[in-house]
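Numbering (the working numbering), first residue to last: 1 to 213. This report refers to the structure that appears directly beneath it.
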């Protein structure tokens, strides 16, 4: 296998060989163009993102600035929203489901380096795939580390460092992140802690159109 094939197989590889440097350079050019778009030019930003990412759903909105390594290794579903300063090191594959919201300064790192300095100094690194399920909200300044799977319906509290898989329908927080509790049907009646909704349409089936926000 060449180094690109090794990277895609989650095996140790060297990042400057077999065309990988050129791919990252092309990604940087597209990212530069995206990050320097006028904020009113939503159409251009959407076009750049769809040419950059490996797969996109119906609606995708990423606030500037955004940074990634390759772009082609990132897949996002329908109704994806990311706030400012999203960083994705997509050496491994990053698969994100439908209706996922990311707060500011979220970092998704598939990339890593050997613990021992001798192999690390040879330039070998690795990327292990990360998967994020449907209907997930990830709070500000969260770091997700290589190999993690975040389940469906999960909320991850701000400032967490996620080093292990998170099961479906729960709240996780901390460093390292741990499950705090399960999310229940009763939670849908509250917008913050014990503050109940004071409107009547909070259970409507309508979904946000992030392209209009």
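Beta carbons: idealized from backbone N, C-alpha and C, even for Gly. Keep in mind that this is a model prediction, so the values were computed, not measured.
Item, Value
"Would you tell me roughly how many angstroms separate the C-alpha atoms of residue 126 and residue 6, rounded to the nearest one?", "9 Å"
"Measuring CA to CA, which of 135, 134 and 163 is closest to residue 148?", "163"
"In chain order, what residues of the same chain lie with their CB nearer than 7 Å to the CB of residue 141, ignoring the 5 residues before and after it?", "105, 158 and 159"
"From residue 175 to residue 161, what does the alpha carbon distance come to, in whole angstroms?", "5 Å"
"Excluding the 5 residues preceding and the 5 following residue 137 in the sequence, name in chain order all residues of the same chain whose CB lies nearer than 7 Å to its CB.", "101 and 155"
"Assuming residue 109 and residue 89 are in contact, meaning their beta carbons sit under 8 Å apart, how far apart are those beta carbons, in whole angstroms?", "5 Å"
"Taking only runs of the beta strand (DSSP E) that begin and end inside the stretch 71 to 113, which ones reach a length of at least 3 residues, in chain order?", "74 to 76, 80 to 82, 86 to 89, 94 to 96 and 107 to 109"
"With DSSP as the reference, label residue 194 as helix, strand or coil.", "coil"
"Which one or two residues does DSSP pair with residue 149 in a beta bridge?", "131"
"Do you know how far the Cα of residue 131 is from the Cα of residue 121?", "29 Å"
"With distance defined between alpha-carbon atoms, name the residue in 36, 179, 183 and 45 nearest to residue 135.", "183"
"Measuring alpha carbon to alpha carbon, tell me which residue in 76, 46 and 29 is nearest residue 69.", "29"
"Anyone know if the C-beta pair for residue 61 and residue 81 falls short of 8 Å?", "yes"
"Can you tell me which residues form a DSSP beta bridge with residue 55?", "75"
"Could you tell me which of 150, 185 and 195 sits nearest to residue 177, measuring between CA atoms?", "150"
"Just list the beta strand (DSSP E) runs in the stretch 148 to 191, keeping only unbroken ones of 3 residues or longer that don't cross its boundaries, in chain order.", "170 to 174 and 177 to 182"
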